[in-house]
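Encoded as structure tokens, the structure appears first; notes follow it.
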Amino acid sequence: GNSVTQMEGPVTLSEEAFLTINCTYTATGYPSLFWYVQYPGEGLQLLLKATKADDKGSNKGFEATYRKETTSFHLEKGSVQVSDSAVYFCALSDNDSGAGSYQLTFGKGTKLSVIP
Amino acid sequence: GAGVSQTPSNKVTEKGKYVELRCDPISGHTALYWYRQSLGQGPEFLIYFQGTGAADDSGLPNDRFFAVRPEGSVSTLKIQRTERGDSAVYLCASSFINTGELFFGEGSRLTVL
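Chains as they are written, first to last, in our numbering: chain L, -8 to 107; chain Z, 526 to 638.
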């Protein structure tokens, strides 16, 4: 079955530090890949996505590249801010476009704390 | 409202009781999902609705769990004979069809004593 493995947290960084959160996946076929973020007191929200190999998703200074050869989708940001403190979830979906379902398989989440 | 609304935000119940959790999706979203998130874990898929029908209920753990969406908008997740292992945050999400961008509510935290 499908699975997502992401680096364990928590991760604590100083403001302006470089961020990498590793994510690897196992899937049949050609899934779409996502990063979702959950800020304190809020619901999960989509951060970025990539739907095919070598695609790069980007948003709010975050980037992730769909690497089929290494089955990875690592999240990076060049300079984190205190406001980036949140829990980050890597996820994949089987593209069952016939039924319109985007059933997501999530990793366990990585908690990021950015200190001033 | 502008986002996905879930009620109650917190529910404490006793083992063996019946529970209903409600989800009000974003207006116009025809796809609706329920997920369950246990402590320290990522969300796990339960059920997907396309319109009024449950198109995929493969994630429901057993027959104590049931969900409905009678008019294609609001959905209710129903749990019968609750067990302590049902304690988790139940998340609802909605989206347009054929898009991977799911909009999640803040969840309903269920505690079974």
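All residues carry an ideal CB built from backbone N, CA and C; glycine is no exception.
Tell me, which residues are paired with residue i by DSSP?
i: Phe629/Z; result: Ala618/Z
i: Gln562/Z; result: Val614/Z
i: Gly578/Z; result: Gln575/Z
i: Phe515/Z; result: There is simply no residue 515/Z to check, as chain Z begins at 526 and stops at 638 in what is shown.
i: Ser104/L; result: Thr3/L
i: Phe64/L; result: DSSP output for Phe64/L lists no bridge partner at all.
i: Thr555/Z; result: Looking at the DSSP assignment, Thr555/Z forms no beta bridge with any residue, so it has no partner.
i: Thr42/L; result: Thr42/L is not bridged to any residue.
i: Ser84/L; result: Ser23/L, Leu95/L
i: Leu37/L; result: Tyr27/L
Would you kindly check if the distance between the Cβ of residue j and the Cβ of residue i is under 8 Å?
i: Gln537/Z; j: Leu638/Z; result: According to the sequence provided, residue 537/Z is Val. The question's Gln does not apply to it. In this structure, Leu638/Z lies closer than 8 Å to Val537/Z by Cβ.
i: Thr61/L; j: Lys47/L; result: no
i: Val599/Z; j: Arg634/Z; result: no
i: Arg594/Z; j: Phe574/Z; result: yes
i: Lys99/L; j: Gln562/Z; result: no
i: Tyr79/L; j: Thr101/L; result: yes
i: Lys542/Z; j: Thr607/Z; result: yes
i: Ala77/L; j: Val28/L; result: yes
i: Asn50/L; j: Leu39/L; result: yes
Run through DSSP, which three-state label would residue i get?
i: Gly48/L; result: strand
i: Arg609/Z; result: helix
i: Asp549/Z; result: strand
i: Val73/L; result: helix
i: Ala147/L; result: Past the edges of chain L, shown from -8 to 107, lies residue 147/L, and the structure says nothing about it.
i: Val529/Z; result: coil
i: Ala55/L; result: strand
i: Asn535/Z; result: strand
i: Gln(-3)/L; result: strand
i: Tyr21/L; result: coil
i: Tyr543/Z; result: coil
i: Tyr16/L; result: strand
i: Tyr30/L; result: coil
i: Thr484/Z; result: Since the displayed chain Z opens at 526 and closes at 638, residue 484/Z lies outside it and no answer follows.
i: Leu635/Z; result: strand
i: Glu596/Z; result: coil
Please report the straight-line C-alpha distance between residue i and residue j, rounded to a whole angstrom.
i: Gly630/Z; j: Tyr558/Z; result: 11 Å
i: Glu6/L; j: Gln72/L; result: 5 Å
i: Ala592/Z; j: Ile572/Z; result: 8 Å
i: Tyr30/L; j: Leu103/L; result: 10 Å
i: Glu596/Z; j: Ser74/L; result: 39 Å
i: Phe9/L; j: Tyr615/Z; result: 33 Å
i: Thr15/L; j: Asn587/Z; result: 30 Å
i: Asn(-7)/L; j: Val544/Z; result: 30 Å
i: Leu585/Z; j: Ala82/L; result: 19 Å
i: Asn535/Z; j: Gly625/Z; result: 28 Å
i: Gly632/Z; j: Pro568/Z; result: 11 Å
i: Thr11/L; j: Gln605/Z; result: 43 Å
i: Ala90/L; j: Ser583/Z; result: Reliability fails at Ala90/L, whose pLDDT of 48 lies under 50, so the model's placement of it is uncertain and no value is given.
i: Ser70/L; j: Phe590/Z; result: 44 Å
i: Ser88/L; j: Ala613/Z; result: Since pLDDT at Ser88/L reaches only 45, below the 50 mark, its modelled position is unreliable, and the value read off the structure follows with that caveat. About 30 Å.
i: Lys59/L; j: Asp85/L; result: 15 Å
i: Gly643/Z; j: Pro107/L; result: Since the first and last residues shown for chain Z are 526 and 638, residue 643/Z lies out of range.
i: Gln(-3)/L; j: Glu54/L; result: 16 Å
_Stretch-stretch touch, CB-based, cutoff 8 Å, three pairs: the region 17 to 25 of chain L with the region 527 to 546 of chain Z_ = no
*Take every Cβ of the region 6 to 19 of chain L, pair it with every Cβ of the region 31 to 43 of chain L, and state whether three or more of those distances are shorter than 8 Å.*
no
*Should the region 550 to 564 of chain Z be regarded as contacting the region 613 to 620 of chain Z, the criterion being three or more beta carbon pairs within less than 8 Å?*
Enough Cβ pairs lie closer than 8 Å, so yes.
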